[in-house]
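Taking it in order: structure first as structure tokens, then the write-up.
Number of protein chains: 2
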Amino acid sequence: MSAKQQSEREFLRHYNIHDYDVPLTSVDLVILAVRDEGLHVLLVKRGEHPFKEHWALPGGFIDVHHDQDLQATALRKLREKTGVDTPYLEQLQGFGNKTRDPRGWSTTFAYFALIPSEHIELTHGANVEAAQWYRIDGSSVAPHLAFDHAHILEVAIQRVRNKVEYSSLPVHLLPETFTLSELQRVHEIVLGRAVDKSAFRKRIKEGDFLEEVPNAWRYGSNRPAQLYRRRPDRPMVFFPRVMSGRTEEAS
Amino acid sequence: MSAKQQSEREFLRHYNIHDYDVPLTSVDLVILAVRDEGLHVLLVKRGEHPFKEHWALPGGFIDVHHDQDLQATALRKLREKTGVDTPYLEQLQGFGNKTRDPRGWSTTFAYFALIPSEHIELTHGANVEAAQWYRIDGSSVAPHLAFDHAHILEVAIQRVRNKVEYSSLPVHLLPETFTLSELQRVHEIVLGRAVDKSAFRKRIKEGDFLEEVPNAWRYGSNRPAQLYRRRPDRPMVFFPRVMSGRTEEAS
DNA sequence: GCAATAGTGTCTTTTAGACAATATGTT
DNA sequence: AACATATTGTCTAAAAGACACTATTGC
Numbered sequence: 001m002s003a004k005q006q007s008e009r010e011f012l013r014h015y016n017i018h019d020y021d022v023p024l025t026s027v028d029l030v031i032l033a034v035r036d037e038g039l040h041v042l043l044v045k046r047g048e049h050p051f052k053e054h055w056a057l058p059g060g061f062i063d064v065h066h067d068q069d070l071q072a073t074a075l076r077k078l079r080e081k082t083g084v085d086t087p088y089l090e091q092l093q094g095f096g097n098k099t100r101d102p103r104g105w106s107t108t109f110a111y112f113a114l115i116p117s118e119h120i121e122l123t124h125g126a127n128v129e130a131a132q133w134y135r136i137d138g139s140s141v142a143p144h145l146a147f148d149h150a151h152i153l154e155v156a157i158q159r160v161r162n163k164v165e166y167s168s169l170p171v172h173l174l175p176e177t178f179t180l181s182e183l184q185r186v187h188e189i190v191l192g193r194a195v196d197k198s199a200f201r202k203r204i205k206e207g208d209f210l211e212e213v214p215n216a217w218r219y220g221s222n223r224p225a226q227l228y229r230r231r232p233d234r235p236m237v238f239f240p241r242v243m244s245g246r247t248e249e250a251s
Numbered sequence: 252m253s254a255k256q257q258s259e260r261e262f263l264r265h266y267n268i269h270d271y272d273v274p275l276t277s278v279d280l281v282i283l284a285v286r287d288e289g290l291h292v293l294l295v296k297r298g299e300h301p302f303k304e305h306w307a308l309p310g311g312f313i314d315v316h317h318d319q320d321l322q323a324t325a326l327r328k329l330r331e332k333t334g335v336d337t338p339y340l341e342q343l344q345g346f347g348n349k350t351r352d353p354r355g356w357s358t359t360f361a362y363f364a365l366i367p368s369e370h371i372e373l374t375h376g377a378n379v380e381a382a383q384w385y386r387i388d389g390s391s392v393a394p395h396l397a398f399d400h401a402h403i404l405e406v407a408i409q410r411v412r413n414k415v416e417y418s419s420l421p422v423h424l425l426p427e428t429f430t431l432s433e434l435q436r437v438h439e440i441v442l443g444r445a446v447d448k449s450a451f452r453k454r455i456k457e458g459d460f461l462e463e464v465p466n467a468w469r470y471g472s473n474r475p476a477q478l479y480r481r482r483p484d485r486p487m488v489f490f491p492r493v494m495s496g497r498t499e500e501a502s
């Protein structure tokens with residue numbers, strides 16, 4: 001072993017994180033789903049201090065003994081609350097300051113997850129009294145949430161709305177298979193405005209991140225619609241142009 | 252005081268962060284500048300363990316007694332290294348896992364800063380032996396950096412390259428006043444390819460985030476060029492379309 | 001005048017938006 | 001056939017790319 005390594009080893013032997021004043025570090029989740037023609041976020045009622053009895057984003061501390069990385073912490077929390085195992089999960093942003101948590105300097109890594117609304121069973125984990133879907137109306141903010149969670153939620157909604165304009169993100173709000181009209185509807189719901197059918201379909205086909213499910217159709221009292229599914233090899237597509245959206249409101 | 256508040260107060264009296272196993276939390280900075288016709292990142296040589304003597308991104312721990320929030324920590328670090336006080340500063344992403352730091356589970360909030368290359372004085376703060384500008388070539392990664400800093404740098408470069416395509420970001424790499432040609436050159440340097448003059452100028456004017464400096468010109472052995480400066484009321488502009496960039500390499 | 005860079009104009013290409021037309025199922 | 005929604009086509013509009021042209025300085 002080199003002298004350099006020896007020296008580093010010596011340093012580590014005496015290092016103890018408890019000797020330092022460090023901030024709290026947590027992971028919080030903005031879990032989004034489309035249900036009942038509206039975008040919804042999952043909130044939980046806190047069962048423990050601080051902010052006991054307040055509604056909050058699901059989240060918690062990193063388990064330094066079991067979590068491999070931040071994403072693992074986020075996935076663990078998501079699984080605990082929803083049972084969903086393979087969502088679309090993306091880091092939103094970090095938040096951290098002196099005042100957001102009464103316990104002291106605190107930071108959080110906020111993630112957002114998109115999940116298909118079907119077959120979600122809300123489970124009440126430890127420290128949680130209740131969980132519920134809260135509808136996102138316009139750009140209005142949620143009611144009074146614990147910590148700075150109202151702010152985090154706002155940032156998340158903005159990010160998702162924005163990303164819908166130029167990426168294939170919204171497919172993750174739909175189940176395995178879906179029709180183009182259903183996909184268009186999801187876009188309209190998230191954006192809060194109508195989208196031109198023809199332009200939308202041209203754009204999606206151009207993006208080439210979907211494939212037809214052979215011989216699979218959605219039937220109704222009208223012409224059947226082709227079912228599509230995501231192409232697993234194209235997890236995310238970015239369009240070179242945003243939907244400029246001069247179109248009127250969604251119906 | 253309500254029973255609820257009483258209860259929360261009681262909880263906080265007994266709370267002590269040192270009772271828990273928590274991860275390390277730091278803030279790291281990717282400081283970028285254009286100098287000598289190339290994009291450069293500021294690296295420092297670590298003076299302390301771990302990774303003593305290794306090159307790393309500047310950064311450090313949150314000072315829970317003095318820093319108000321994460322941004323303040325980042326600004327403090329930036330000021331310590333460069334003397335720059337009002338850069339463009341944006342949070343890049345959080346990174347955190349079990350293995351990135353030999354001291355144990357560790358997280359970092361990575362920021363990137365864009366600074367004009369003029370009049371930067373590199374200062375060696377505490378725990379730092381040396382600081383230097385490292386040139387970013389193509390998409391190649393930096394040499395062996397401490398921790399996962401090579402990865403963080405890579406993500407930062409990607410983010411900046413991407414953002415240059417659809418936003419007014421690059422003005423922050425230039426001094427107070429500059430010509431459109433100089434701005435175009437910065438775009439070309441960051442993107443690594445040539446940009447069409449006419450299209451570029453139309454786009455910039457369309458964006459309307461610059462204003463002419465009255466009666467201010469850059470002289471040379473050619474036609475003088477109008478000097479421009481940022482419009483303070485339009486800190487960032489996003490274009491509805493990316494520069495698709497079918498153009499050849501930069502000269 | 002010549003070199004060099006600043007700045008503009010014109011034509012083409014691409015893709016979204018508007019909106020009409022056609023297709024195919026159910027009732 | 002009537003209806004409802006799926007799917008496609010046609011025309012227009014907006015903005016970028018290619019590239020040529022003009023403008024203004026120093027030498």
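Residue numbers (our numbering), protein chains in the order written: chain A, 1 to 251; chain B, 252 to 502. The C-beta atom is built at its ideal place from N, Cα and C for all residues, glycine as well.
For a cutoff of 8 Å on Cβ pairs, would you count residue i as touching chain B?
{"i": "A:K202", "result": "no"}
{"i": "A:T247", "result": "Only weak support exists for where A:T247 lies, its pLDDT of 44 falling under 50; the value from the coordinates is given anyway. No, no contact with chain B."}
{"i": "A:E8", "result": "yes"}
{"i": "A:V155", "result": "no"}
{"i": "A:F109", "result": "yes"}
{"i": "A:V160", "result": "no"}
{"i": "A:K163", "result": "no"}
{"i": "A:L169", "result": "no"}
List the endpoints of the continuous beta strand (DSSP E) containing residue i.
{"i": "B:T333", "result": "No beta strand (DSSP E) holds B:T333; the alpha helix (DSSP H) holding it covers L321 to T333."}
{"i": "B:S253", "result": "Where B:S253 is concerned, there is no enclosing beta strand (DSSP E), given that its DSSP letter is neither H nor E."}
{"i": "B:A445", "result": "Per DSSP, B:A445 belongs to no beta strand (DSSP E) and is neither H nor E."}
{"i": "A:L227", "result": "N222 to R230"}
{"i": "A:E90", "result": "Y88 to N97"}
{"i": "A:R35", "result": "L24 to R35"}
{"i": "B:G310", "result": "G310 to F312"}
What span of residues does the alpha helix (DSSP H) with residue i cover, start to end?
{"i": "A:I115", "result": "Here A:I115 belongs to no alpha helix (DSSP H), and DSSP marks it neither H nor E."}
{"i": "B:G458", "result": "K448 to G458"}
{"i": "A:H40", "result": "Here A:H40 belongs to no alpha helix (DSSP H); instead the beta strand (DSSP E) covers G38 to R46."}
{"i": "A:L191", "result": "L180 to L191"}
{"i": "B:A401", "result": "H400 to V415"}
Short check: CB of residue i to CB of residue j, under 8 Å?
{"i": "A:F178", "j": "A:L227", "result": "yes"}
{"i": "B:P274", "j": "B:G345", "result": "no"}
{"i": "A:T108", "j": "A:V27", "result": "yes"}
{"i": "B:A216", "j": "B:V295", "result": "Residue 216 of chain B cannot be examined here, being either before or after the span of chain B that is shown, 252 to 502."}
{"i": "B:V415", "j": "B:V441", "result": "yes"}
{"i": "A:R103", "j": "A:D148", "result": "no"}
Return yes when at least one heavy atom of the ligand GDP lies under 7 Å from the C-beta of residue i, else no.
{"i": "A:I189", "result": "No copy of the ligand GDP occurs in the structure displayed, which carries no ligand at all."}
Cβ of residue i less than 8 Å from any chain A Cβ?
{"i": "B:A501", "result": "Because B:A501 carries a pLDDT of 44, less than 50, the predicted location of this residue cannot be relied on, and the following value inherits that uncertainty. Not closer than 8 Å to any Cβ of chain A, the Cβ of B:A501 fails to qualify, so no."}
{"i": "B:P491", "result": "yes"}
{"i": "B:K296", "result": "no"}
Members of the segment 47-59 of chain A that neighbour chain B once the beta carbon cut-off is set at 9 Å = Of all residues in the segment 47-59 of chain A, E48, H49, P50, F51, K52 and E53 have a Cβ within less than 9 Å of some Cβ in chain B.
Contacting positions in the segment 93-107 of chain A - beta carbon closer than 8 Å to chain B = Here the close residues are Q93, G94, F95, G96, N97, K98, P102, R103, G104, W105 and T107.
Report the residues of the segment 58-91 of chain A with a CB closer than 9 Å to any CB of chain B, ordered along the chain.
-> F61, I62, D63, V64, H65, D67, Q68, D69, L70, Q71, A72, T73 and Q91
Positions along the segment 269-293 of chain B whose CB lies within less than 8 Å of some CB in chain A = H269, Y271, D272, V273, P274, L275 and T276
Listed in chain order, which residues of the segment 222-235 of chain A have Cβ atoms closer than 9 Å to some Cβ of chain B?
-> none
Could you run through the segment 431-460 of chain B and flag, in chain order, every residue whose CB is less than 8 Å away from some CB of chain A?
-> none
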